[in-house]
Amino acid sequence: MTKQVSIAKLCMLAGKIMLKSGAETYRVEDTMNRIAEAYGMEDAQSYATPTGIHFSVDFSEHTNFMRITNRATDLHKIAEVNKVSRSIATGKLEIDEAFTMLECIDHAKLTFPEWMQIIAAAFVSGSFAIMFGGTWPDFIPACIAGSTGFAGMLGANRLVDIRFIAEFIGSVMIGVVAVLFISNGFGASLDRIIIGAVMPLVPGLHITNAVRDLMAGHLVAGVSKGVEALLTAFAIGAGIAVIIGFI
Amino acid sequence: MDIIIELITSFIAAAGFGILFNAPRQVLIPCGLVGMSGWILYDALTELAMDAVPATIFAAMLVAVLSQLCAKFYKKPIIVFSVSGIIPLVPGGIAYDAMRHFVENDYYHAVQLSAQVMLLAGGIAMGLVFSEVVNQVARKFSRQH
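In order, the protein sequences belong to chains A and B. Residue numbers for the first sequence, in my numbering: 1 to 247. Residue numbers for the second sequence, in my numbering: 248 to 392.
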């Protein structure tokens with residue numbers, strides 16, 4: 001009995017880390033089932049949605065439930081959990097050992113600190129401004145607008161709990177910076193600067209995940225992720241619209 | 248000269264997104280290369296007067312296939328590569344244009360552009376899923392024989 005409890009705990013922890021890091025729900029369920037199977041639980045049941053996990057080691061056993069409140073994208077953690085589950089599947093890891101490894105992953109900080117992400121956002125914005133038909137004078141304004149917007153989103157995310165508000169604030173800042181640049185004679189095209197600068201906020205991951213979940217037959221998870229992506233896109237659009245409306 | 252600029256900017260964009268999504272350090276360069284290949288194929292196809300939607304489908308297919316190869320080679324989940332690789336194809340520019348026309352009360356063009364965004368997003372999805380389907384079929388065949 002005690003062994004079963006710890007298997008359930010191990011699977012839940014693995015699932016929690018993956019969902020928090022933005023993995024597709026079908027991958028989360030698959031990983032939990034594989035871990036359970038590797039420890040001899042043939043009929044493990046798992047059900048993951050973007051906001052919670054249900055898991056039981058057998059269908060007649062009691063079900064464990066865990067709520068997932070905040071999600072961020074951290075591909076590194078997904079890859080690490082994947083690595084642990086691989087070595088569990090080949091029978092190399094004891095349960096306790098795997099549990100401490102997963103806890104270690106759970107507490108790990110982001111691979112790239114925030115200042116580095118802001119710099120990356122700057123380069124991404126500038127590159128996209130050029131890729132979407134901008135000219136070189138647009139590059140620097142797009143870099144600055146993009147990094148300000150991203151930094152604004154990260155900052156607002158700390159103050160308010162609602163992510164969409166943070167994205168709204170980020171895109172308003174992008175709009176303000178872009179308009180300031182153009183009105184002071186820097187940059188050639190307002191549209192290109194804004195398009196480039198907005199890209200770091202665009203919910204590309206959610207869109208791809210939603211589609212993958214839907215195609216894997218996880219309709220609830222797919223639809224809810226799709227709506228999340230739509231809301232994010234709406235928040236960004238509204239933020240930019242406010243600024244354009246003022247000009 | 249143009250193509251070199253496109254290559255460099257799309258590489259920076261995709262690898263930069265790898266950093267934003269906290270991809271493992273050692274795969275940032277492959278992430279950038281996957282994104283670059285997808286964008287260059289898209290760019291070349293639209294240059295050859297192909298419509299944007301089929302061009303997006305083909306580019307997404309290429310991204311998916313390359314991601315799958317990278318996933319096997321680096322032993323990482325496929326999502327690590329496909330997410331940053333697909334980003335250059337996301338119709339952010341058109342979505343913004345649509346939004347802008349909505350704000351300016353030009354609904355005629357706004358709805359048109361929104362429909363195009365939906366089609367492009369669908370194209371990305373189709374391209375991504377296609378390679379998965381091929382992979383599954385191949386696996387089933389190899390198991391039967």
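All C-beta atoms in this analysis are idealised placements derived from N, C-alpha and C, irrespective of residue type, glycine included. In this text, all values refer to a predicted model and were calculated from it rather than measured experimentally.
**Message:** Between Asn184(A) and chain B, is the shortest Cβ-Cβ distance under 8 Å, so that the two count as touching?
**Reply:** No, its Cβ sits nowhere closer than 8 Å to a Cβ of chain B.
**Request:** Out of Thr293(B), Tyr289(B) and Ile266(B), point me to the one whose CA is closest to Phe123(A)'s CA.
**Result:** Closest by alpha carbon: Ile266(B).
**Cβ separation of Ala151(A) and Ile165(A), assumed to be a contact under 8 Å, to the nearest whole Å** = Actually they are not in contact, since the Cβ atoms of Ala151(A) and Ile165(A) sit about 16 Å apart, beyond 8 Å.
**Distance CB(Leu10(A))-CB(Ile95(A)) smaller than 8 Å** = Taking 8 Å as the Cβ cut-off, Leu10(A) and Ile95(A) qualify as a contacting pair.
**Message:** So the candidates are Pro50(A), Arg86(A), Lys83(A) and Leu93(A); which of them puts its Cα closest to the Cα of Ala72(A)?
**Reply:** Of the candidates Pro50(A), Arg86(A), Lys83(A) and Leu93(A), the one whose C-alpha sits nearest the C-alpha of Ala72(A) is Pro50(A).
**Request:** Tell whether a beta-carbon distance below 8 Å holds between Thr303(B) and Leu254(B).
**Result:** Their beta carbons are not under 8 Å apart, which means Thr303(B) does not touch Leu254(B) by this criterion.
**Contacting residues, own chain, Cβ-Cβ under 6 Å from Arg67(A) (five flanking each side not counted)** = Cβ within range, chain order: Gly52.
**Request:** Let me know the secondary structure DSSP gives Arg71(A) once reduced to three states.
**Result:** In the three-state scheme derived from DSSP, where H, G and I count as helix and E and B as strand, Arg71(A) is classed as coil.
**Message:** Is it the case that the region 173 to 181 of chain A contacts the region 128 to 148 of chain A, given that we only count it when at least three CB pairs across the two stretches are under 8 Å?
**Reply:** They touch, by the three-pair rule.
**Request:** Leaving out five residues on either side along the sequence, give the residues of the same chain with a beta carbon under 6 Å from the beta carbon of Met373(B).
**Result:** Result list for Met373(B): Ile304, in chain order.
**Asked** When we look at the beta-carbon of Ala121(A) and count the other beta-carbons within 10 Å, is it buried (16 or more) or exposed?
**Response** Counting Cβ neighbours within 10 Å, Ala121(A) comes out buried, since at least 16 surround it.
**Item:** Identity of the residues DSSP links to Phe65(A) by a beta bridge
**Value:** DSSP, once it has assigned bridges, lists His54(A) as partnering Phe65(A).
**Request:** Taking only runs that begin and end inside the region 153 to 187 of chain A, name each unbroken alpha helix (DSSP H) of 4 or more residues, in chain order.
**Result:** Counting whole runs of 4 or more residues, the region 153 to 187 of chain A contains the alpha helix (DSSP H) stretches 163 to 183.
**Message:** Taking 6 Å as the limit between beta carbons, can you name the residues of its chain near Phe206(A), skipping five residues before and five after?
**Reply:** Note on identity: in this sequence residue 206(A) is His, with Phe being the wrong assignment. So the list reads Lys225, Glu228 and Ala229, once near-sequence residues are dropped.
**Asked** Do three or more CB pairs link the region 193 to 207 of chain A to the region 272 to 286 of chain B at distances below 8 Å?
**Response** Three or more beta-carbon pairs separated by less than 8 Å are not found between the region 193 to 207 of chain A and the region 272 to 286 of chain B, which leaves the two stretches without contact.
**Request:** Measuring only between beta-carbons, confirm whether Met297(B) sits less than 8 Å from chain A.
**Result:** Not an interface residue.
**Item:** Rounded straight-line distance, which links the Cα of Glu103(A) to that of Ile88(A)
**Value:** Cα to Cα, the separation comes out at about 15 Å.
**Request:** Give a yes or no on contact between the region 338 to 348 of chain B and the region 358 to 369 of chain B, applying the rule of three or more CB pairs nearer than 8 Å.
**Result:** Between the region 338 to 348 of chain B and the region 358 to 369 of chain B, the count of Cβ pairs shorter than 8 Å is three or higher; the stretches touch.
**Request:** Please name the residue, chosen from Leu219(A), Val81(A) and Gly170(A), that lies closest to Lys100(A) on a Cα-to-Cα basis.
**Result:** In the sequence as presented, Lys is not what sits at residue 100(A); that position holds Thr. Checking every option, the nearest Cα to that of Thr100(A) belongs to Val81(A).
**Three-state secondary structure assigned by DSSP to Ala362(B)** = Correct three-state label for Ala362(B): helix.
**Prompt:** Which first and last residues belong to the beta strand (DSSP E) in which Tyr47(A) is found?
**Reply:** Run containing Tyr47(A): Gln45 to Thr49, per the beta strand (DSSP E) assignment.
**Message:** Less than 8 Å between the beta carbons of Ile334(B) and Ala260(B), yes or no?
**Reply:** Contact: yes.
**Nearest residue (CA-CA) to Gly187(A), options Val211(A), Gly134(A) and Ala210(A)** = Of the listed residues, the one whose Cα sits closest to Gly187(A) is Gly134(A).
**Asked** Applying the criterion that 16 or more other CB atoms from any shown protein chain within 10 Å of the CB defines a buried residue, is Met153(A) buried or exposed?
**Response** By the 10 Å Cβ count, Met153(A) comes out buried.
**Closest Cα partner of Asp290(B) within the set Glu167(A), Phe132(A), Phe181(A) and Ala241(A)** = When each option's Cα is compared against that of Asp290(B), the closest is Phe132(A).
**Request:** Classify Ser314(B) as buried or exposed, calling it buried when 16 or more other Cβ atoms lie within 10 Å of its own Cβ.
**Result:** By the neighbour-count rule (16 or more Cβ atoms within 10 Å), Ser314(B) is buried.
**Message:** For chain A, check one thing: does any of its Cβ atoms lie closer than 8 Å to the Cβ of Met365(B)?
**Reply:** Output row for Met365(B): interface = no.
**Message:** Which residue wins for smallest C-alpha separation from Ala216(A), given the options Asp30(A), Lys20(A), Leu159(A) and Ala8(A)?
**Reply:** Among Asp30(A), Lys20(A), Leu159(A) and Ala8(A), the Cα nearest to that of Ala216(A) is on Asp30(A).
**Message:** Starting from Ile240(A), trace the alpha helix (DSSP H) in both directions and tell me its first and last residue.
**Reply:** Its alpha helix (DSSP H) spans residues Leu219 to Phe246.
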